[in-house]
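Data block below; observations after.
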Amino acid sequence: MKMRRLIAGLLCGAVATMFCLTGCGAETGMMDAANANSVAGGDSSLPVITWKMGSTWGSGNVHYTCDQRFTELVSQLTGGRFKITNYPEGSLCAANQLFDYVQNGTIQCGGDWGGYWSGKDTAFELLSTTMDNFSGLDYYTWINQGGGLECYQKMYGKYNMTYFPIMINHAESGIRSTKPITS
125 MKMRRLIAGL LCGAVATMFC LTGCGAETGM MDAANANSVA GGDSSLPVIT
175 WKMGSTWGSG NVHYTCDQRF TELVSQLTGG RFKITNYPEG SLCAANQLFD
225 YVQNGTIQCG GDWGGYWSGK DTAFELLSTT MDNFSGLDYY TWINQGGGLE
275 CYQKMYGKYN MTYFPIMINH AESGIRSTKP ITS
């Protein structure tokens, strides 16, 4: 069981890193050496930016850990000029308030799952994992090559927000019941 959790955690971390590297790359897909050095060194002419990032997950959750890794990577890639401080669920707001806190500018960003906001618009449910359907790789491909990111941007854009994928969640395992489903 511990080995299974370790492998799942490593896989989530690898996928999150792929997303971060995909999202932070230059337009050409590669940064030249001079540009890479100036970013890593933290160009002192750039302002220091500090953001707060709320979460719908508690500090012991793997999703929250991926959020932390993302913010560490942002700080590293900007030479510490862009700092995002993570706050677990309940520290800044309740999980069900995160969307409104980001939308209203109370905090600058939040780690969430689109399905949590289906009460605001049922289309958010369509952007969430579906039982026994997409694998993590299927989601990654759909988001990056199949128009998925545009769908996310359209939905979150209605609320004056931008979606930045930093982690892929594999499909849920299905429904459990003691009664057979016959129709």
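Position one of the sequence shown corresponds to residue 125 (the numbering used here), numbered consecutively onward. Even for Gly, the Cβ is constructed at its ideal location relative to N, Cα and C.
**Q.** Within 8 angstroms, strictly: CB atoms of S252 and G270
**A.** no
Q. Apart from the five residues just before and just after A132, which ones in its own chain have a Cβ nearer than 8 angstroms to its Cβ?
A. Here A132 scores only 48 on pLDDT, less than 50, and its place in the model is too uncertain to base an answer on.
**Q.** Proximity below 8 angstroms, CB of D191 to CB of G235
**A.** yes
Q: Report buried or exposed for K303, applying the criterion of at least 16 other Cβ atoms within 10 angstroms of its Cβ.
A: exposed
Q: Kindly indicate which three-state DSSP category M291 falls into: helix, strand or coil?
A: coil
Q.
Once DSSP output is grouped into helix, strand and coil, what is the label at G272?
A. helix
Q. Can you list the beta strand (DSSP E) stretches of 3 or more residues lying completely in the region 207–237, in chain order?
A. 233–235
Q: Can you tell me the Cβ-Cβ gap for G260 and I292, rounded? I've got them flagged as a contact below 8 angstroms.
A: 4 angstroms
Q: If I'm right that I208 touches C233 with Cβ under 8 angstroms, what's the distance once you round it to whole angstroms?
A: 7 angstroms
**Q.** CA-to-CA distance, T202 to N210, given in whole angstroms
**A.** 17 angstroms
Q) Helix, strand or coil for I173 per DSSP? A) strand
Q) So which of A219, N284, Y280, S168 has the shortest CA-CA distance to T246? A) Y280
Q | Collapsed DSSP secondary structure at G178 in the structure displayed | A | strand
Q: Would you mind sorting S213 into buried or exposed? The rule is 16 or more other CB atoms within 10 Å of its CB.
A: Position check: residue 213 holds Glu in this sequence, whereas Ser was assumed. Buried, because 16 or more other Cβ atoms sit within 10 Å of the Cβ of E213.
(Q) Taking the straight line between their C-alpha atoms, what separation do you get for L197 and T189? (A) 12 angstroms
Q: Could you pull the start and end residues of the alpha helix (DSSP H) that D308 belongs to?
A: Residue numbering for the chain in the displayed model covers 125 to 307; residue 308 lies beyond these limits and cannot be assessed.
**Q.** Backbone secondary structure at G203 - three-state DSSP
**A.** coil
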